[in-house]
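Student: Position 23 (the sequence shown) corresponds to 23 in this note's numbering; numbering is contiguous.
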Amino acid sequence: MVVSSAPDGNNEIIYYEYNNAGIIYMDFVLLGISQFPDANPYFQVFNWFDGIQDSNTNADYIILPPDPACFANPECDNRVIPELNLYPYPGAGILIDAETAASAPPPGDYYYIIVLSPVGGSGEPLNIDAITIVP
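What follows is the structure in structure tokens.
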């Protein structure tokens with residue numbers, strides 16, 4: 001995956017949750033990218049856990065329909081997101097633009113994706129259907 005020196009308006013990663021009859025139950029997850037197999041350093045490109053807006057994705061909680069179960073943290077575990085807000089429609093994909101991530105990954109080639117499942121939430125395991133790199 002190539003991270004450009006300036007935002008190019010393209011998404012580099014698509015993260016797919018399990019589509020459950022037209023919705024996903026978004027699990028706590030952190031995604032990062034690294035140039036090295038030991039992931040040191042890595043740059044966080046998506047964090048569904050910290051309650052901070054992910055404006056580099058289509059899962060920015062500001063643009064999602066409200067979920068009454070997420071009263072304390074808009075990025076709650078198992079948040080209901082309808083497939084209308086996902087990629088492709090109908091689908092279960094979260095589009096991620098690495099160049100505009102808050103971690104500001106430096107330009108270059110990245111060969112590794114880091115997936116972390118934070119402790120907490122419902123106690124259910126993280127469900128990932130797929131992660132794809134957009135050429």
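The beta-carbon is built from N, C-alpha and C at its ideal position, and this holds for glycine as well. All values derive from a computational prediction rather than experimental measurement.
Exposed or buried, which one is I52 when buried takes at least 16 other CB atoms within 10 Å?
Tutor: Burial call: exposed.
Student: Which residues mark the beginning and the end of the beta strand (DSSP E) in which Q44 is found?
Tutor: Unbroken beta strand (DSSP E) run through Q44: Y42 to W48.
Student: From N20 to L30, what does the alpha carbon distance come to, in whole angstroms?
Tutor: Using only the alpha carbons, I get a separation of about 21 Å.
Student: What are the start and end residues of the beta strand (DSSP E) that includes P82?
Tutor: Unbroken beta strand (DSSP E) run through P82: R79 to P82.
Student: According to the neighbour-count rule (16 or more other Cβ atoms, all chains shown, within 10 Å of its Cβ), is Y42 buried or exposed?
Tutor: It counts as buried.
Student: What is the residue span of the beta strand (DSSP E) that A130 lies within?
Tutor: Per DSSP, A130 belongs to the beta strand (DSSP E) from A130 to I133.
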